[in-house]
Amino acid sequence: MPAKSSASAASPKPAAKVTPAAKAKPAKAAAPAPAVEAPKTVKMSKAPGSHVAQVTRRTAIDSRPVVSSAERDRLIAEAAYYRAESRGFAPGDEQADWFASVQEVDAKYRCDG
Numbered sequence: 027m028p029a030k031s032s033a034s035a036a037s038p039k040p041a042a043k044v045t046p047a048a049k050a051k052p053a054k055a056a057a058p059a060p061a062v063e064a065p066k067t068v069k070m071s072k073a074p075g076s077h078v079a080q081v082t083r084r085t086a087i088d089s090r091p092v093v094s095s096a097e098r099d100r101l102i103a104e105a106a107y108y109r110a111e112s113r114g115f116a117p118g119d120e121q122a123d124w125f126a127s128v129q130e131v132d133a134k135y136r137c138d139g
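Per our numbering, residue 27 is the first one in the sequence shown, and the count goes up by one each step.
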């Protein structure tokens, strides 16, 4: 049997050190939501004998795209057509299709006039 050399004798290697740079970095927090102004309280006159009225209103940024009234009408007609098509153009629900289309378009777009 051949003799083992001391160089070939396997000795356990020391474990690699973990440096701070090699550690996993924590995930960044999500970007904050768009700023919305806090509710404002408006006080009315304090004339003798009158009550102080407080009105709270919320103001928010409306980010819906703006369309002209003609474009809005076109979008409503197109949406109503697709609704009627989806039900096989069966008669009797045209008005419901139109009203649902108006709500859908108004939820997606702002009209400029």
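For every residue, glycine included, the Cβ atom is placed at its ideal position computed from N, Cα and C.
Item to complete: In angstroms with no decimal places, state the Cα-to-Cα distance between G114 and C137.
Response: 30 Å
Discussion item. Can you tell me which residues form a DSSP beta bridge with V92?
Written reply: R136
Practice prompt. Helix, strand or coil for F115, going by three-state DSSP, please let me know.
Written response: coil
Worksheet item: Can you tell me whether DSSP reads I87 as helix, strand or coil?
Response: coil
Item to complete: Rounded to whole angstroms, what's the CA-CA distance from V131 to L101? Just pull it up for me.
Response: 7 Å
Practice prompt. Would you mind stating whether A110 and D123 have Cβ atoms separated by less than 8 Å?
Written response: yes
Worksheet entry | Exposed unless 16 or more other CB atoms sit within 10 angstroms - verdict on S94 | exposed
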